[in-house]
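*Asks:* Attaching a single structure in structure tokens format; questions to follow.
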Amino acid sequence: MSLVRWDPYDELMSLKEGVNRLFSESTGGRAGMQPRSWAPACDIYETDEEVVITADLPGISKEDVKIELTGDSLTLSGERPHRAEKREGYHRLERVHGTFYRAFTLATEVDIEKIKATFDNGVLTLKLPKSDAVKPKQITIDVS
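Numbering (the numbering used here), first residue to last: 1246 to 1389.
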């Protein structure tokens, strides 16, 4: 089974967002001040037949999500629009709005013509079938 390359930058961005949120809460950060970008949580796993990526995108419509595959690089991007709501009375405003971007390097070649994307209850699921060239093949041994 191939593994997807770990990107330490993703971990640093997550740490940065957590530290920023901690300081904002401890210093009485103003309601409505949100990071300009965020990164949805994603899971990636691989079977003999396909690579599957799931991304948590609650509050986002499928029209606000863009998926691109270039070579071995898959990107998810889009925006969770900020809803114009009356801000009076808020005690806490934690849900982030704005643009998001995730990029993944695929560890195996996929069949671009057979990729399927579904969006259900705020979860995007991408099924990327492996190219026939990289699927495991069983070889029989002839007895002579």
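Glycine included, C-beta positions come from ideal geometry on N, C-alpha and C.
Three or more C-beta pairs under 8 Å: does that hold for the stretch 1342–1352 against the stretch 1320–1328?
*Replies:* Touching, yes.
*Asks:* State the DSSP-derived secondary structure class of A1378, mapped to helix, strand or coil.
*Replies:* Three-state DSSP puts A1378 in a helix.
*Asks:* Could you tell me whether the Cβ atoms of K1380 and D1309 are closer together than 9 Å?
*Replies:* It is not a contact, given that the beta carbons lie outside the stated cut-off.
*Asks:* What would DSSP say about L1302, mapped onto helix, strand or coil?
*Replies:* Note: L1302 maps to coil in three-state DSSP.
*Asks:* Look up D1343 in the DSSP assignment and say whether it is helix, strand or coil.
*Replies:* Before going further, note that residue 1343 is Gly rather than Asp in the sequence given. Of the three classes helix, strand and coil, the one that applies to G1343 here is strand, per DSSP.
*Asks:* Can you check whether the C-beta of Y1346 is within less than 9 Å of a C-beta belonging to chain B?
*Replies:* Included in the structure is just one protein chain, with no chain B present.
*Asks:* What is the DSSP secondary structure of E1354, counted as helix, strand or coil?
*Replies:* If DSSP states are grouped into helix, strand and coil, E1354 belongs with coil.
*Asks:* Give the DSSP-derived three-state secondary structure of S1282 in the structure shown.
*Replies:* S1282 falls in the strand class under three-state DSSP.
*Asks:* On the DSSP bridge list, what partners appear for S1322?
*Replies:* S1322 pairs with K1311 and Y1346.
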